[in-house]
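Worksheet: one structure, shown below.
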Amino acid sequence: MMKRLLVTGGAGFIGSNFVRYVVQAHPAVHVTVLDKLTYAGNRANLAGLPAERVRLVVGDVCDAQLVDRLVQQTDAVVHYAAESHNDNSLIDPAPFIQTNIVGTYTLLQACRQYGVRYHQISTDEVYGDLPLNNEAKFTPTSPYQPSSPYSASKASADMLVRAWVRSFGLRATISNCSNNYGPYQYVEKFIPRQITNILSGRRPKLYGSGANVRDWIYTADHSRAVWDILTRGTLGETYLIGANGEHSNREVLGMILRLMDQPADAFDWVRDRPGHDRRYAIDATKLRTELGWRPQYRDFEQGLRQTIAWYRDHRAWWQGSKATVEAKYAQHHQ
Numbered sequence: 001m002m003k004r005l006l007v008t009g010g011a012g013f014i015g016s017n018f019v020r021y022v023v024q025a026h027p028a029v030h031v032t033v034l035d036k037l038t039y040a041g042n043r044a045n046l047a048g049l050p051a052e053r054v055r056l057v058v059g060d061v062c063d064a065q066l067v068d069r070l071v072q073q074t075d076a077v078v079h080y081a082a083e084s085h086n087d088n089s090l091i092d093p094a095p096f097i098q099t100n101i102v103g104t105y106t107l108l109q110a111c112r113q114y115g116v117r118y119h120q121i122s123t124d125e126v127y128g129d130l131p132l133n134n135e136a137k138f139t140p141t142s143p144y145q146p147s148s149p150y151s152a153s154k155a156s157a158d159m160l161v162r163a164w165v166r167s168f169g170l171r172a173t174i175s176n177c178s179n180n181y182g183p184y185q186y187v188e189k190f191i192p193r194q195i196t197n198i199l200s201g202r203r204p205k206l207y208g209s210g211a212n213v214r215d216w217i218y219t220a221d222h223s224r225a226v227w228d229i230l231t232r233g234t235l236g237e238t239y240l241i242g243a244n245g246e247h248s249n250r251e252v253l254g255m256i257l258r259l260m261d262q263p264a265d266a267f268d269w270v271r272d273r274p275g276h277d278r279r280y281a282i283d284a285t286k287l288r289t290e291l292g293w294r295p296q297y298r299d300f301e302q303g304l305r306q307t308i309a310w311y312r313d314h315r316a317w318w319q320g321s322k323a324t325v326e327a328k329y330a331q332h333h334q
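Under full-length UniProt numbering, the first residue of the sequence shown is numbered 1, with each subsequent residue one higher.
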């Protein structure tokens, strides 16, 4: 029984949703969150959680002494901490190399030394992209073909995990998940950016032709999948997490505009970013058949409606960072 978890990046979007899931669904588990509290990490993401169940340690996954001390005190590590925004990696790749590769190495070494179970949170972006208007999907055996400094750094981290499993017998698993959406997502990301643009009186923005397709999953479903893999997954294996939620960026923006009572053309086209992947799609058959996982949020529009309501009801959470994000986009992308 895993009673002590170390969750890196647990004050970020996907990590904090996982922490909240564990607290709610597994009352015997104590969580230590290690988070650097960069721009995307936020103490408020953990607000309201009981102090006797959740401890926040502010620090860097590249700090070997700190990581060593925390890993000694835990039964398992779930590694969410990452620089994760493609646009930022095109401007300055250095933080991605440091956090995503060196940070993973630091954790792996500590887990190896103390025999601690390790789970790597990865992304479907390590596989590159797929053709549009095609039935192909990523599987656990798809070759890695990353397109950006971000996805290359995550691919590198995954390879380190596989090497530590084979060379040192590390008890580890990897999950590669499709695009998450839901509460607590930082406003630079596609869905919350469009929602908060409308809520703050700005026009939404759409890259290129808007034809790029993403496979969307509500973040609560991701959290349940990670727990299933951590507790019942086969060591050394990779599991893909997806909810068959493929939609083009144009379709997603169209839904947001309609759900927020905006005209269908109330947005601006902007220049596409370099190396923009065309399509992601996940085949989660292995996760479904081996572990019996199923997404609970199967209606994308319903999940989107809940997400819009969350941002509408939590303006104080995002308003402070909105102007900074938009100024950065204006400088680099328009």
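Virtual Cβ for every residue (Gly too), placed ideally from N, Cα, C.
Predicted, not measured: the structure shown is a model, and the values here were computed from it.
If you compare alpha carbons, which of the options is closest to residue i?
i       : options                               : result
Arg-305 : Asp-283, Ile-282, Asp-261 and Leu-206 : Asp-261
Gly-254 : Asn-42, Thr-104 and Arg-203           : Arg-203
Gly-245 : Val-213, Pro-183 and Gly-48           : Val-213
Tyr-114 : Leu-170, His-314 and Gln-145          : Leu-170
Thr-289 : Ala-225, Arg-315 and Gly-320          : Ala-225
Ala-28  : Pro-50, Lys-3 and Asn-176             : Lys-3
Tyr-181 : Tyr-39, Gln-302, Ala-51 and Leu-46    : Gln-302
Gly-242 : Phe-190, Met-1, Ser-178 and Ala-152   : Ser-178
Asp-75  : Ile-101, Asp-60, Asn-100 and Leu-5    : Leu-5
Val-54  : Arg-258, Gly-10, Gln-194 and Asp-313  : Gly-10
Does the beta-carbon distance from residue i to residue j come in below 8 Å?
i       : j       : result
Leu-206 : Asn-249 : yes
Tyr-311 : Pro-140 : no
Leu-107 : Thr-8   : yes
Tyr-218 : Tyr-144 : no
Val-126 : Leu-230 : no
Trp-227 : Val-22  : yes
Leu-132 : Tyr-280 : no
Phe-267 : Trp-216 : no
Leu-291 : Gly-233 : yes
Ala-81  : Val-61  : yes
Gly-12  : Gly-41  : yes
Gly-208 : Asp-272 : yes
Can you name, in chain order, every residue of its own chain whose Cβ lies under 6 Å from the Cβ of residue i, other than the five neighbours on each side?
i       : result
Glu-326 : none
Ala-172 : Tyr-118, Val-161 and Val-165
Gln-334 : Only weak support exists for where Gln-334 lies, its pLDDT of 48 falling under 50; the coordinates are left without a value.
Asp-124 : Phe-138, Asn-176, Ser-178, Tyr-280 and Ile-282
Got a sec, what are the start and stop residues for the alpha helix (DSSP H) residue i sits in?
i       : result
Ala-76  : Where Ala-76 is concerned, there is no enclosing alpha helix (DSSP H), although the beta strand (DSSP E) it sits in stretches over 76–79.
Trp-164 : 149–168
Asp-68  : 64–72
Ile-195 : 190–199
Arg-112 : 103–114
Could you name the residues of the same chain whose beta carbon sits closer than 7 Å to that of residue i, not counting the 5 residues immediately before and after it, in chain order?
i       : result
Tyr-329 : none
Ala-155 : Val-126, Tyr-144 and Pro-146
Ala-64  : Thr-106
Which residue marks the beginning of the beta strand (DSSP E) containing residue i, and which one marks its end?
i       : result
Cys-177 : 172–177
Lys-205 : 205–207
Val-7   : 4–8
Tyr-311 : Where Tyr-311 is concerned, there is no enclosing beta strand (DSSP E), although the alpha helix (DSSP H) it sits in stretches over 300–313.
Tyr-297 : Run containing Tyr-297: none; DSSP gives neither H nor E here.
Val-33  : 30–35
According to DSSP, what are the bridge partners of residue i?
i       : result
Tyr-181 : Tyr-218
His-276 : His-276 pairs with nothing; no bridge assigned.
His-247 : Arg-214
Ser-122 : Asn-176
Trp-318 : Per DSSP, none; premise fails for Trp-318.
Here's a check: name, in chain order, each residue in its chain whose Cβ is nearer than 8 Å to the Cβ of residue i, leaving out the five neighbours to either side.
i       : result
Arg-112 : Trp-164, Phe-168 and Leu-170
Ile-174 : His-119, Gln-120, Ser-122, Asp-158, Val-161, Arg-162, Glu-237, Thr-238 and Tyr-239
Ser-321 : Tyr-39, Tyr-186 and Val-187
Val-57  : Thr-32, Val-33, Leu-34, Asp-35, Leu-66 and Leu-70
Considering only heavy atoms of the ligand ADP, does any lie closer than 7 Å to the CB of residue i?
i      : result
Arg-69 : Ligands displayed in this structure: none; no statement on the ligand ADP is therefore possible.
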